[in-house]
Amino acid sequence: MAALGAAQATLQADARQTVQAPKFEVDPLWPKPLPNHWILGSVIGVGIDSRDHVFIIHRGDSTLNQRTEAGANATPPIAECCRSAPPILEFDPDGNLVKAWGGPGAGYDWPSSNHGVAIDDNDNVWIGGNGAMDSQILKFSHDGKFIAQYGAPKQAANSNDTSHFGRVAKITFDAKAGEAYVADGYGNKRVAVIDASTGSIKRYWGAYGNKPDDARMPPYDASAPLAQQFRNPVHCAEPTSDGLVYVCDRPNDRIQVFQKDGKFVKEVRVAKETRGDGSVWDIAFSRDPQQKYLYLADGKNERVYVMDRQSLEILTWFGDGGRQPGQFFAVHSIASDSKGNVYTTETYEGKRVQKFRYKGIGTVPRGNQGVVWPTGK
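Counting in UniProt numbering, the sequence shown runs from 1 upward without gaps.
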């Protein structure tokens with residue numbers, strides 16, 4: 001009987017230490033090598049179109065060392081390799097480069113520091129910018145033809161401005177409502193909802209649904225009372241199919257959840273002792289109809305959390321700091337495709353995009369999985 005009791009206790013302990021959740025494996029061969037001696041600078045956004053093509057945006061020359069990384073761009077060139085790829089690159093699901101485009105052009109103000117790339121339900125491509133005077137949003141066709149600019153550059157931050165933006169981090173969409181959600185962002189401290197066809201601001205809100213306040217805030221302190229305003233940057237605002245919006249309040253180490261009219265619903269703090277850049281960088285959802293799972297990129301602790309979207313419970317996480325496949329250096333942005341695969345990008349010196357192949361729902365460690373290397377199964 002004692003042996004039976006010990007066995008049951010072991011099984012119960014094992015059950016507590018594992019959980020059913022989406023399983024992933026990094027694809028170390030995705031994407032395929034770029035042509036033309038191209039390399040990437042800090043990769044600052046990722047989006048998926050209707051064909052599961054993957055769009056990334058990076059900062060190129062401004063984040064490349066022309067002596068050690070981009071010798072072909074030096075004047076005069078000091079080597080055959082390498083040079084910056086165009087800012088926006090499109091890959092097919094197998095990792096083949098389909099098209100590359102972007103940068104300054106006639107009729108629009110390209111951001112001084114592009115930030116985020118998003119694909120709407122018409123496969124148009126939207127970008128923001130977090131440079132010091134980037135207060136505009138740009139909209140292009142799928143193949144890079146300019147469509148519209150919303151807002152003008154060189155406008156001072158003002159979280160209650162209804163004409164301009166303040167260093168936009170990311171844009172997402174509610175196709176049924178014809179609206180776009182703007183994480184506005186690095187200068188302003190709000191979520192702004194705009195008409196996706198005209199760019200006009202329809203409504204906006206701050207933390208807890210409060211009116212945004214641009215007053216300077218004291219340094220983040222995990223033991224202090226919870227901040228009643230977002231901190232810069234407000235890094236994502238993700239609408240769901242059941243009428244909620246999940247907001248990345250990055251330096252406050254929290255996700256706040258709202259109704260689409262800005263009414264506060266709930267929040268969760270994640271790795272709340274994280275200082276500096278914070279822990280809550282970007283969010284994507286699983287592609288099942290219920291969007292059961294939430295994927296959270298944490299670019300300071302170098303991991304991706306898998307969470308139950310409704311309860312906001314952290315089920316498991318994967319990744320670690322490093323340069324090898326499945327590791328991260330400032331994992332910045334995250335997106336999921338229709339097959340359940342997850343894509344991440346890395347800023348600062350990370351300078352890459354990675355694909356994590358969805359392997360179905362299965363038993364995984366509750367907590368840290370480490371690097372999800374391919375098993376061959």
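Don't be surprised by glycine CBs; every beta carbon is placed ideally from N, CA and C.
Beta-carbon proximity of residue i to residue j, cut-off 7 angstroms
i       : j       : result
Ile-283 : Val-268 : no
Ala-292 : Asp-277 : In the sequence as presented, Ala is not what sits at residue 292; that position holds Lys. No, the pair does not count as a contact, with Cβ atoms beyond the cut-off.
Ile-326 : Val-372 : Ile is not the amino acid found at residue 326; the sequence shown has Gly there. Cβ atoms of Gly-326 and Val-372: closer than 7 angstroms.
Glu-346 : Ala-330 : yes
Ser-279 : Asp-308 : no
Lys-359 : Glu-25  : yes
Phe-146 : Val-125 : no
Tyr-295 : Pro-251 : no
Status (buried if at least 16 other CB within 10 Å, exposed otherwise) for residue i
i       : result
Ser-163 : exposed
Lys-170 : buried
Met-1   : Only weak support is given to the placement of Met-1: the predicted model assigns it a pLDDT of 49, under 50, and the question is left unresolved by the model.
Arg-167 : buried
Ala-207 : buried
Gln-306 : Gln is not the amino acid found at residue 306; the sequence shown has Val there. With 16 or more other Cβ atoms within 10 Å, it is buried.
Gly-362 : exposed
Asn-160 : exposed
Arg-352 : buried
Pro-28  : exposed
Thr-274 : buried
Ile-68  : What sits at residue 68 in the sequence shown is Thr, not Ile. Result: exposed.
Thr-75  : exposed
Per-residue DSSP class, three states only, for residue i
i           : result
Tyr-208     : helix
Asn-232     : coil
Arg-287     : coil
Ala-6       : Its pLDDT being 45, under 50, Ala-6 is placed unreliably in this model, and the value from its coordinates should be taken loosely. Helix, per DSSP.
Asn-301     : coil
Val-275     : A small correction: the amino acid at residue 275 is Arg; Val does not occupy that position in the sequence shown. Looking at Arg-275 - three-state DSSP - the assignment turns out to be coil, as it is neither helix nor strand.
Asn-124     : coil
residue 389 : In the structure as shown, the chain starts at 1 and stops at 377, and residue 389 therefore has no counterpart that could be examined.
Pro-239     : strand
Arg-203     : strand
Arg-254     : strand
Val-372     : coil
Asn-114     : strand
Thr-316     : strand
Phe-140     : strand
Closer than 6 angstroms: residue i CB and nearest the ligand SAH heavy atom
i      : result
Gly-60 : Among the components modelled here there is no ligand, and therefore nothing to report on the ligand SAH.
Notebook entry, point to check: Can you list, in chain order, the stretches of the beta strand (DSSP E) that have 3 or more residues and sit fully within the region 11 to 97?
Noted result: The region 11 to 97 contains these whole beta strand (DSSP E) runs: 18 to 26, 43 to 48, 54 to 58, 88 to 91.
Notebook entry, point to check: Which runs of the beta strand (DSSP E) spanning at least 3 residues fall entirely within the region 171 to 199, listed in chain order?
Noted result: At a cut-off of 3 residues, the continuous stretches assigned as beta strand (DSSP E) that sit fully inside the region 171 to 199 are 179 to 184, 190 to 195.
Next item on the list: Inspect the CB distances between the region 315 to 334 and the region 207 to 227 and report whether three or more fall short of 8 angstroms.
Entry: Contact fails: fewer than three Cβ-Cβ distances are below 8 angstroms.
Notebook entry, point to check: Counting Cβ pairs, one atom from each stretch, are 3 or more of them under 8 angstroms apart for the region 97 to 109 and the region 42 to 50?
Noted result: no
Notebook entry, point to check: Can at least three beta-carbon pairs, one atom from the region 177 to 185 and one from the region 233 to 250, be found at a separation below 8 angstroms?
Noted result: yes
Item checked: Runs of beta strand (DSSP E) lying entirely within the region 327 to 369, each at least 3 residues, in chain order -> Those beta strand (DSSP E) runs which fall completely within the region 327 to 369 and span 3+ residues are 331 to 336, 342 to 346, 352 to 365.
Notebook entry, point to check: Between the region 58 to 70 and the region 126 to 140, do three or more beta carbon pairs fall short of 8 angstroms?
Noted result: No: the two stretches stay apart, fewer than three of their Cβ pairs being nearer than 8 angstroms.
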